[in-house]
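S.K.: In terms of UniProt numbering, the sequence shown has 109 at position 109, counting the first letter as 1, and numbering is strictly consecutive.
Sending over a structure as structure tokens; questions will come in a sec.
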Amino acid sequence: MKLNIFRLKRVWGIVLRHLYLLKHSISRWIDLLYWPTVDLLLWGFITLYLQKGFYQGGKWIFQFFGALIFWNILIRAQQGLAVGFLEDIWARNLLHIFVSPLTIFEYLMGLFIYSLFKAFVASLLMAFLAFFIFNFKVWMQGVDVFLLTGCLIIFAWSIGLLTMAFILFFGQEAEILAWALALLFLPFSAVFYPVEVLPESFQSIAKLVPTSYIFETFREILLK
Numbered sequence: 001m002k003l004n005i006f007r008l009k010r011v012w013g014i015v016l017r018h019l020y021l022l023k024h025s026i027s028r029w030i031d032l033l034y035w036p037t038v039d040l041l042l043w044g045f046i047t048l049y050l051q052k053g054f055y056q057g058g059k060w061i062f063q064f065f066g067a068l069i070f071w072n073i074l075i076r077a078q079q080g081l082a083v084g085f086l087e088d089i090w091a092r093n094l095l096h097i098f099v100s101p102l103t104i105f106e107y108l109m110g111l112f113i114y115s116l117f118k119a120f121v122a123s124l125l126m127a128f129l130a131f132f133i134f135n136f137k138v139w140m141q142g143v144d145v146f147l148l149t150g151c152l153i154i155f156a157w158s159i160g161l162l163t164m165a166f167i168l169f170f171g172q173e174a175e176i177l178a179w180a181l182a183l184l185f186l187p188f189s190a191v192f193y194p195v196e197v198l199p200e201s202f203q204s205i206a207k208l209v210p211t212s213y214i215f216e217t218f219r220e221i222l223l224k
């Protein structure tokens, strides 16, 4: 009996260790609370959108394909910048880079081009698959789609730069923002549903988020 109690204490010791890590770690709290909240809001509003019948005929499925592709462009462009910066930190290469003649502007331009490459490859693959499997021609929707994609990439870069600033200021604890910060805007960006689906308080927030206007315009184009 004494041996069993001793073993339980050791098990409880492991539990306590991780509870103490959780107590002092912002990234672990984000993992525990942030992701479930985003998932609930996203799928809850998608369900409301479908339940209330805001979609128009059979074209609503193409809206989801387009939303997935364009949201993926934003994510790849933002993460190409933020994660590219993190990779230099993880490799302890940042100091070596900035003792070279390379300027900050040149460094950022390199990351911008790399993030564009990632966004281009990912969107090309998704557009190719959407066309050959579902007969969805996302890039045949007119010049406006390309202009809006440019706006989306600029916003993605702004989030990426903000993420880099948080990482420099707060250190390792802020690294999770390279994956989490863009998703903060997801429920309010009208990616998979129109702004009118949201509660009034959320609609007020959505009006302050640039991506809500971009994705609403995308939706109008795709539903024509």
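In this text, a Cβ means the ideal position worked out from N, Cα and C, and glycines have one as well.
I need the boundaries of the alpha helix (DSSP H) containing Asp39, first residue and last residue.
M.R.: 35-52
S.K.: Apply the 10 Å Cβ neighbour rule to Ile26 and answer buried if 16 or more other Cβ atoms are within range, or exposed otherwise.
M.R.: That one is exposed.
S.K.: For Ile75, which option in Ser123, Ile104, Ala130 has the closest C-alpha, if you only look at C-alpha atoms?
M.R.: Ser123
S.K.: Between which two residues does the alpha helix (DSSP H) containing Gly160 stretch?
M.R.: 143-170
S.K.: Any idea what DSSP makes of Val209, helix, strand or coil?
M.R.: Val209 falls in the coil class under three-state DSSP.
S.K.: Alpha carbon to alpha carbon, what distance is there between Leu8 and Leu14?
M.R.: According to the sequence displayed, residue 14 carries Ile and not Leu. Roughly 10 Å separates the two Cα atoms.
S.K.: Which residues in the same chain as Phe202 place their Cβ atom closer than 8 Å to its Cβ, once the five residues preceding and following it in sequence are excluded?
M.R.: Pro187, Phe188
S.K.: Looking at the secondary structure, which residues open and close the alpha helix (DSSP H) in which Met126 lies?
M.R.: 104-134
S.K.: Would DSSP call Met1 helix, strand or coil?
M.R.: A caution first: Met1 carries a pLDDT of 48, below 50, which makes its placement in the model unreliable, though a value can still be read off. Coil.
S.K.: By the three-class DSSP mapping on this structure, what secondary structure does Ala91 have?
M.R.: coil
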